[in-house]
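*Asks:*
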Amino acid sequence: MHSLAKERKISFSEFLEIMKKAYLETTFASEESFEKSTTHLREIYDERLRVAGEMTVDFADVCAEIHTKLDPGL
21 MHSLAKERKI
31 SFSEFLEIMK
41 KAYLETTFAS
51 EESFEKSTTH
61 LREIYDERLR
71 VAGEMTVDFA
81 DVCAEIHTKL
91 DPGL
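Residues in the sequence shown are numbered from 21 upward in steps of one, following this note's numbering.
1. Using only alpha-carbon positions, find the residue among F79, M39, E45, A49 that is nearest to K29.
2. Determine the direct distance from the alpha carbon of F54 to that of R70, and round the result to whole angstroms.
3. According to DSSP, is T58 part of a helix, a strand, or is it coil?
4. If you draw a straight line from the C-alpha of D66 to the C-alpha of E52, how long is it?
5. Assign L61 to buried or exposed, taking buried as 16 or more other Cβ atoms, counted over all protein chains shown, within 10 Å of its Cβ.
Here it is in structure tokens:
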């Protein structure tokens, strides 16, 4: 069962914070590299809004996990 906090809708800036925190914990982390990925992250955020109508903390956590495990360089 998900907590209400995980289901909370988030803004793009909150999504970026979640992604940045996860990204900077990876071996390949660099602030500069993360900044270059914001266009790609905006596309993910916008697509989620288009498909589901919202971005939640829970879905952002899933995105962060996928990106750091499958594509640590974003």
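All C-beta atoms in this analysis are idealised placements derived from N, C-alpha and C, irrespective of residue type, glycine included. If you're wondering where the values come from, they're calculated on a predicted model, not measured in any experiment.
*Replies:* So, from the data block:
1. When F79, M39, E45, A49 are compared, the shortest CA-CA separation from K29 is found for F79.
2. In this model, R70 and F54 are separated by some 24 Å (Cα to Cα).
3. In the structure shown, T58 falls within a helical segment according to DSSP collapsed to helix, strand and coil.
4. One C-alpha to the other measures close to 23 Å.
5. By the 16-neighbour rule on beta-carbons within 10 angstroms, L61 is buried.
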